[in-house]
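Residue numbers (this note's numbering): 759 to 1255. For glycine and all other residues, C-beta sits at the position ideal for the given N, C-alpha and C. Every value quoted in this text rests on a predicted model; they were computed, and no experiment measured them. The structure appears below as structure tokens.
Encoded structure:
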């Protein structure tokens, strides 16, 4: 007989019930905590990456702009004069009437700083001429084609044209060893406007740097496809420095850097011949409402209505004289010149919050801003009007010469051209020793530093009375927009050699 045994499954094999409320809350809390920790770690990682990227971007921008600034300043054509200036250090301005220029080799071109409001770090202008040199002191011409400034130049199909300056035809580019360069800030963008000065042309046809179509001087320049040069929108097609001479457009060349030829070489140091200056020699920095804009940008000079210097200027069409230039929409482009085709080509740094240029003051041993609405300008001996560099002249030791004057003070300075004081007090004669009596007749006092004059028993020596500019400091502040990181840097350039 079979026996049947009834067996029961143990409790462990029974189907389990769901989580308790406590277990669910604990599990949810753990999941949320893990997610929060992950989000925090991820956010920190992303923030760190963004910050590191911002630092890298700022470093890259800083290296680029500092390299450009330093290279331009090292190529400055207006430099410290050499012998016989003695122990004078730095650059000195050329006052109106200062002739002859003692060091015509080092004092070429010009150097210009404009300070509009010295409490505002966004309205300074730095403008000067540069030329690539070689040699230990950088004082030898470098005509090699591997190290030159490059700029746009239209192919006009005419003789001695700028498009051939780089040695390559039909590439719409020109090249030169020298240029006029300008730095200014507008709308958070730092601009560097580069305008080439033509190198000497090795041609039997023309040697003065001026293109010609071969049909007379009045047809010296014309744009491609248009035989009438007066219709030229020059800065759309050319990155060359030019002005108007005798009713025609005139290319500046390396010869324009010379300051010892009067006005025969159409010198670029003469303010009216520079980019950004009016015909009366004043710097043009504000629109018709008095709002600062610095200089015209590529976006504006390539506008079809910006005819200068290709057209004969009138009050109505001259961008430097017309009275309707405004920026009403706040896009930092002049409304009347907003149709240009070369927008942004001259921008070298964006999101800039400060561009400040200071000069070294040896009386306070500090870098200081110029007074508001003032300039530092090395000028030209034929520049007319009151020279704004008079406060760089020491007037504390000036006096007048008198006949048979016994023991004149050794600190007494005799202005070379005292009848034109104070503008022409740049050269003075100072007694070299105590004692002595001047002669009966006033001697000639040539305005040449180092010249020795024997006047009775008094010995006079000509010295340069101008206070030299020894150094400048350029401060830039810009921001990386993604990380919000700010970078400030300073470039100090010494003019002492």
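Assign residue 973 to one of three DSSP states: helix, strand, or coil.
-> With a pLDDT of 44 at residue 973, under the threshold of 50, the modelled position of this residue cannot be trusted; read the value that follows with caution. Residue state, collapsed to three classes: coil.
Runs of alpha helix (DSSP H) lying entirely within the stretch 1018–1092, each at least 4 residues, in chain order | 1056–1059
Three-way DSSP call (helix, strand, coil) for residue 809 in this model | In the structure shown, residue 809 sits in a helix (DSSP, three-state: H, G or I).
Based on Cα-Cα distance, which residue from 937, 1096, 780, 941 lies nearest to residue 824?
-> 941
The stretch 1219–1230 in contact with the stretch 1088–1103 per 3-pair CB rule at 8 Å | no
Of the choices 937, 885, 1027, whose alpha-carbon is the least far from that of residue 867?
-> 1027
In three-state terms, what does DSSP make of residue 1011?
-> strand
When we look at the beta-carbon of residue 1254 and count the other beta-carbons within 10 Å, is it buried (16 or more) or exposed?
-> exposed
Where the beta strand (DSSP E) containing residue 1135 begins and where it ends | 1132–1135
Selected residue, minimal CA-CA separation from residue 1062, among 1095, 1041, 1072 | 1095
Evaluate contact between the stretch 1007–1019 and the stretch 1045–1060, counting only Cβ atoms and requiring at least three cross-stretch pairs below 8 Å.
-> Cβ pair count under 8 Å is below three, so no.
Could you name the residues of the same chain whose beta carbon sits closer than 6 Å to that of residue 1232, not counting the 5 residues immediately before and after it, in chain order?
-> 1115, 1249
Can you say whether residue 851 is buried or exposed, counting buried as having 16 or more other CB atoms within 10 angstroms of its CB?
-> buried
DSSP three-state call for residue 784: helix, strand or coil?
-> helix
Cβ separation of residue 1090 and residue 1042, assumed to be a contact under 8 Å, to the nearest whole Å | Their Cβ separation, rounded to whole angstroms, is 17 Å, which puts residue 1090 and residue 1042 out of contact at 8 Å.
Own chain partners of residue 864 with C-beta closer than 7 Å, once the 5 adjacent residues on each side are dropped | 837, 838, 839, 840
May I ask which residues mark the beginning and end of the alpha helix (DSSP H) holding residue 995?
-> 992–995
Go ahead and label residue 956 buried or exposed: buried means 16 or more other beta carbons lie within 10 angstroms of its beta carbon, across all protein chains shown.
-> buried
If you run the structure through DSSP and keep just helix, strand and coil, what is residue 891?
-> strand
Using 10 angstroms around the beta-carbon of residue 830, count the other beta-carbons present and answer buried if the total reaches 16, otherwise exposed.
-> buried
Just the Cα atoms here: how many angstroms apart are residue 1162 and residue 1202?
-> 16 Å
When burial is assigned at 16 or more other CB atoms within 10 Å of the CB, is residue 1240 buried or exposed?
-> exposed
Residue 905 burial status per 10 Å Cβ neighbour count (16 or more: buried) = The residue is exposed, with fewer than 16 neighbouring Cβ atoms inside 10 Å.
Would you identify the three-state DSSP class for residue 801, choosing helix, strand or coil?
-> It is helical.
Could you check what DSSP says for residue 820 in three-state terms: helix, strand or coil?
-> helix
Between the CA atoms of residue 1237 and residue 947 - distance to the nearest angstrom | 11 Å
Contact check, residue 999 vs residue 931, beta carbons under 9 Å | Against a cut-off of 9 Å, the Cβ pair of residue 931 and residue 999 comes out as no contact.
Compare the Cα-Cα distances from residue 1214 to each of 1127, 1124, 1196, 1081 and report the closest residue.
-> Of the candidates 1127, 1124, 1196, 1081, the one whose C-alpha sits nearest the C-alpha of residue 1214 is 1196.
Beta-bridge pairing of residue 1246 - partner residues as DSSP gives them = 1235
Spatial neighbours of residue 1037 within its chain, please: CB distance less than 6 Å, with the 5 preceding and 5 following residues excluded, ordered by chain position.
-> 1030
Residue 910 - containing beta strand (DSSP E), residue span | Here the beta strand (DSSP E) through residue 910 covers 907–910.
How is the beta strand (DSSP E) around residue 863 delimited, first residue to last?
-> Note, residue 863: premise wrong, no beta strand (DSSP E); not H, not E.
Would you decide whether residue 1134 is buried or exposed? Buried here means 16 or more other CB atoms lie within 10 Å of its CB.
-> buried
Residue interval of the beta strand (DSSP E) (run including residue 1189) | 1185–1189
Tell me whether the beta-carbon of residue 938 lies closer than 9 Å to the beta-carbon of residue 1032.
-> yes
Same chain only: Cβ atoms within 6 Å of residue 795, ignoring 5 sequence neighbours per side = none
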